[in-house]
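In my numbering, each residue's number is its place in the sequence shown (first place is 1) plus 46.
Inspection log for the structure reproduced underneath, given as structure tokens.
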Amino acid sequence: MNESLATIFPVSFGLAESPPVVLSPDDFPSWLARHPACCRNFPFLPELASLELACHRLAVEPVDVPAAVREYTVNPSVRLLETGWTGLPEFLGDRSLTPQPGEALVLLYRPTSEAVVVCRTPSGHDLLALKMVEERIGSRDAAREAGVPVGRLDDILIAAATRGLLLAPRSTLVREASFFQGEPTDPDQGRVATFTLQWHLTQVCDLHCRHCYDRSSRASMDFARAVRVLDQLYEFSRAHHVHAQVSFSGGNPMLHPQFYELYQEATDRGFLVALLGNPMPAGHIERLLTIARPAFYQVSLEGLRPHNDYIRGEGHFDRTLGFLDLLRDFGIYRMVMLTLTRENCDQVLDLAELLRGRVDLFTWNRLAMVGEGAALASVEPERFASLLAAYLDAADDNPALGLKDNFFNLLLTERGRPLTGGCTGFGCGAAFNFVAVLPDGEVHACRKFPSPIGDLRTQSLLDIYDGEPARRYRAGSAACRDCDLRPVCRGCAAVTHGFGLDVFTALDPYCFRDRLPRS
Numbered sequence: 047m048n049e050s051l052a053t054i055f056p057v058s059f060g061l062a063e064s065p066p067v068v069l070s071p072d073d074f075p076s077w078l079a080r081h082p083a084c085c086r087n088f089p090f091l092p093e094l095a096s097l098e099l100a101c102h103r104l105a106v107e108p109v110d111v112p113a114a115v116r117e118y119t120v121n122p123s124v125r126l127l128e129t130g131w132t133g134l135p136e137f138l139g140d141r142s143l144t145p146q147p148g149e150a151l152v153l154l155y156r157p158t159s160e161a162v163v164v165c166r167t168p169s170g171h172d173l174l175a176l177k178m179v180e181e182r183i184g185s186r187d188a189a190r191e192a193g194v195p196v197g198r199l200d201d202i203l204i205a206a207a208t209r210g211l212l213l214a215p216r217s218t219l220v221r222e223a224s225f226f227q228g229e230p231t232d233p234d235q236g237r238v239a240t241f242t243l244q245w246h247l248t249q250v251c252d253l254h255c256r257h258c259y260d261r262s263s264r265a266s267m268d269f270a271r272a273v274r275v276l277d278q279l280y281e282f283s284r285a286h287h288v289h290a291q292v293s294f295s296g297g298n299p300m301l302h303p304q305f306y307e308l309y310q311e312a313t314d315r316g317f318l319v320a321l322l323g324n325p326m327p328a329g330h331i332e333r334l335l336t337i338a339r340p341a342f343y344q345v346s347l348e349g350l351r352p353h354n355d356y357i358r359g360e361g362h363f364d365r366t367l368g369f370l371d372l373l374r375d376f377g378i379y380r381m382v383m384l385t386l387t388r389e390n391c392d393q394v395l396d397l398a399e400l401l402r403g404r405v406d407l408f409t410w411n412r413l414a415m416v417g418e419g420a421a422l423a424s425v426e427p428e429r430f431a432s433l434l435a436a437y438l439d440a441a442d443d444n445p446a447l448g449l450k451d452n453f454f455n456l457l458l459t460e461r462g463r464p465l466t467g468g469c470t471g472f473g474c475g476a477a478f479n480f481v482a483v484l485p486d487g488e489v490h491a492c493r494k495f496p497s498p499i500g501d502l503r504t505q506s507l508l509d510i511y512d513g514e515p516a517r518r519y520r521a522g523s524a525a526c527r528d529c530d531l532r533p534v535c536r537g538c539a540a541v542t543h544g545f546g547l548d549v550f551t552a553l554d555p556y557c558f559r560d561r562l563p564r565s
């Protein structure tokens with residue numbers, strides 16, 4: 047029996063003086079309370095023993111944890127115990143800490159189905175999360191009552207779910223089973239965790255690039271309507287149980303007259319925020335950081351200095367390198383994007399090497415011959431596969447080189463290596479895990495080519511996403527339907543469109559799957 051007590055009460059049994067030889071575990075805490083001489087150096091031992099017994103019971107008792115929930119749900123293993131001593135959970139892990147008399151709560155739960163018990167003093171956020179879920183208090187109502195941004199309340203719920211205190215509903219944005227060869231073996235295969243709204247706030251830009259796909263004088267929304275766009279995204283993310291990201295773009299998004307106000311509104315709703323823009327003075331970045339640090343700041347380079355400045359304007363190359371150093375000093379994740387053309391194809395690897403240690407991620411997209419980009423020449427398809435191969439080899443030595451183009455998966459398949467998520471983590475993610483919103487509220491499946499799927503001035507984002515135009519872009523080209531790489535590929539619809547082909551029936555002209563040896 048002593049061995050059993052020592053196992054169930056590893057701390058309190060060891061600290062007790064002359065513990066009983068034979069005693070039921072259920073009676074040990076009360077025995078300590080009746081024999082204070084055994085606890086003369088540790089008067090809190092009876093309550094500590096009760097806590098250890100509760101931990102043991104929770105570890106061995108079956109807990110029916112549902113495989114899926116439709117809304118935030120309290121983990122059924124959660125126990126809140128009242129004690130007369132503060133610091134008992136901390137003492138279990140660190141004997142140098144001394145519990146003190148005083149009313150306190152102890153939180154016990156099993157974050158997984160395994161017999162691992164979390165025992166700790168609950169934080170105010172823990173208790174708030176439990177109260178909100180148990181009493182079915184919505185984040186917006188709680189935020190309104192507390193006078194804080196709704197994103198803070200959502201972050202509290204998300205953190206509680208991450209720790210296993212709450213059970214969170216799974217995202218309802220998931221690829222259809224038809225995308226996979228046979229039934230998916232993983233229930234989360236093809237399931238979206240984060241939905242991105244790429245918001246082109248304004249057409250105003252301090253550059254005039256030779257491959258710009260839209261220089262139209264499209265008007266921006268007024269502030270009230272722009273805030274409503276963020277509300278639409280919030281409603282969408284809550285309905286589909288996904289995290290939301292806003293990638294501010296343009297034009298140059300920071301030239302929008304109310305950019306900082308909209309950036310604040312986005313962060314207040316708990317959204318991840320990022321920028322796709324141009325180099326800006328330090329003062330703009332400092333002001334940005336007073337609101338929130340962006341997930342990343344992406345700028346563009348189109349090759350080495352002469353070619354880049356031909357495309358983007360004299361002096362742009364050096365300004366961009368200096369700006370990357372500025373972002374480093376501010377601790378902001380730095381991304382560089384290149385648009386691949388016939389003229390800069392041979393400069394990609396040299397630019398990547400020049401950027402080694404200067405960027406966190408370097409990626410490229412193939413030219414979409416749309417807008418002013420139609421005047422430039424796409425890289426020849428016969429050169430494309432060799433570029434992919436050389437770049438893939440270089441990426442083995444340079445961790446900043448991203449494998450964004452979906453067709454890298456063709457080579458990875460040939461080499462027997464793990465596949466990447468392609469362009470958006472799900473191959474072509476157009477109208478699936480992202481949409482593009484233009485300055486006036488028009489919504490497109492992808493910004494790189496005309497792909498209208500709705501308009502936020504007259505429709506909700508929920509209705510647009512579920513509409514037939516969006517469904518067609520999500521399905522992609524019929525030419526890819528029988529390919530086992532469809533979940534992580536489908537080529538690039540913008541490139542296909544630029545070649546004058548039907549994006550719903552044609553194969554991306556760069557696809558070389560049929561030229562690879564079959565296993």
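All C-beta atoms, glycine included, are put in the ideal place defined by N, C-alpha and C.
This one's a predicted model, so the numbers in the text were calculated from it and none came from an experiment.
What residue range is occupied by the uninterrupted alpha helix (DSSP H) comprising residue i?
i                 : result
cysteine 101      : 91-106
tyrosine 138      : The question names tyrosine, but residue 138 in the sequence shown is leucine. Element bounds for leucine 138: 134-139.
glutamine 278     : 269-286
serine 58         : 58-61
phenylalanine 397 : The sequence given here has leucine at residue 397, not phenylalanine. Its alpha helix (DSSP H) spans residues 394-400.
Following the continuous beta strand (DSSP E) through residue i, name the residue where it begins and the one where it ends.
i             : result
glutamate 117 : Element bounds for glutamate 117: n/a, residue is neither H nor E.
leucine 154   : 146-155
Helix, strand or coil for residue i, going by three-state DSSP, please let me know.
i                : result
serine 262       : coil
aspartate 560    : helix
valine 162       : coil
asparagine 48    : The pLDDT assigned to asparagine 48 is 49, lower than 50, so where the model puts this residue is not dependable; a value taken from the coordinates is nonetheless given after this. Three-state result, asparagine 48: helix.
glutamate 418    : helix
valine 68        : coil
serine 123       : coil
glutamate 426    : coil
glutamate 332    : helix
threonine 542    : helix
arginine 380     : strand
threonine 551    : coil
glycine 361      : coil
glycine 403      : coil
serine 142       : coil
arginine 374     : helix
phenylalanine 55 : coil
arginine 339     : coil
cysteine 251     : coil
threonine 167    : coil
leucine 367      : helix
aspartate 110    : coil
arginine 532     : helix
histidine 353    : helix
proline 299      : helix
Rounded C-beta distance between residue i and residue j? I'm assuming under 8 Å.
i            : j             : result
arginine 536 : glycine 522   : 4 Å
arginine 380 : tyrosine 437  : No, arginine 380 and tyrosine 437 are not in contact; Cβ-Cβ is about 19 Å, not under 8 Å.
leucine 151  : leucine 126   : 6 Å
arginine 561 : cysteine 529  : Contact doesn't hold; Cβ gap of about 14 Å is too wide.
arginine 216 : alanine 114   : 6 Å
arginine 333 : tyrosine 306  : 6 Å
leucine 36   : glutamine 291 : Summary: the structure shown does not reach residue 36, with the chain confined to residues 47 through 565, and so no result is reported for it.
leucine 104  : arginine 156  : 6 Å
serine 159   : valine 106    : The Cβ separation is near 13 Å, so there is no contact.
cysteine 498 : glutamate 488 : It should be pointed out that residue 498 corresponds to proline in this sequence rather than to cysteine. Yes, proline 498 and glutamate 488 are in contact; Cβ-Cβ is about 6 Å, under 8 Å.
cysteine 538 : cysteine 474  : 7 Å
serine 295   : glutamine 244 : 6 Å
alanine 188  : leucine 212   : Going by Cβ atoms, the distance from alanine 188 to leucine 212 rounds to 15 Å, so no, they are not a contact pair.
glutamate 98 : isoleucine 54 : 7 Å
leucine 422  : leucine 433   : The Cβ separation is near 17 Å, so there is no contact.
What does DSSP give as the partner residue(s) for residue i in the beta ladder?
i                 : result
serine 76         : Paired residue(s): none; serine 76 is not in a bridge.
glutamine 304     : According to DSSP, which records beta bridges pairwise, glutamine 304 is partnered with nothing at all.
threonine 385     : Asn411
phenylalanine 294 : Trp245 and Leu321
glutamine 344     : Leu322 and Met381
threonine 129     : Ala150
histidine 289     : Thr240
Does the beta carbon of residue i fall short of 7 Å from some heavy atom of the ligand NAP?
i           : result
leucine 400 : The ligand NAP is not among the ligands present in this structure, which contains no ligands whatsoever.
Item to complete: Could you name each continuous alpha helix (DSSP H) segment of 4 residues or more that falls completely within the stretch 173-246, going from the start of the chain to the end?
Response: Fully contained in the stretch 173-246 are the following alpha helix (DSSP H) runs of length 4 or more, in chain order: 185-192 and 196-208.
Practice prompt. Give, in chain order, every unbroken run of the beta strand (DSSP E) that is at least 3 residues long and sits entirely within the stretch 446-527.
Written response: With a minimum length of 3 residues, the continuous beta strand (DSSP E) runs that stay inside the stretch 446-527 are 480-483, 488-490 and 498-501.
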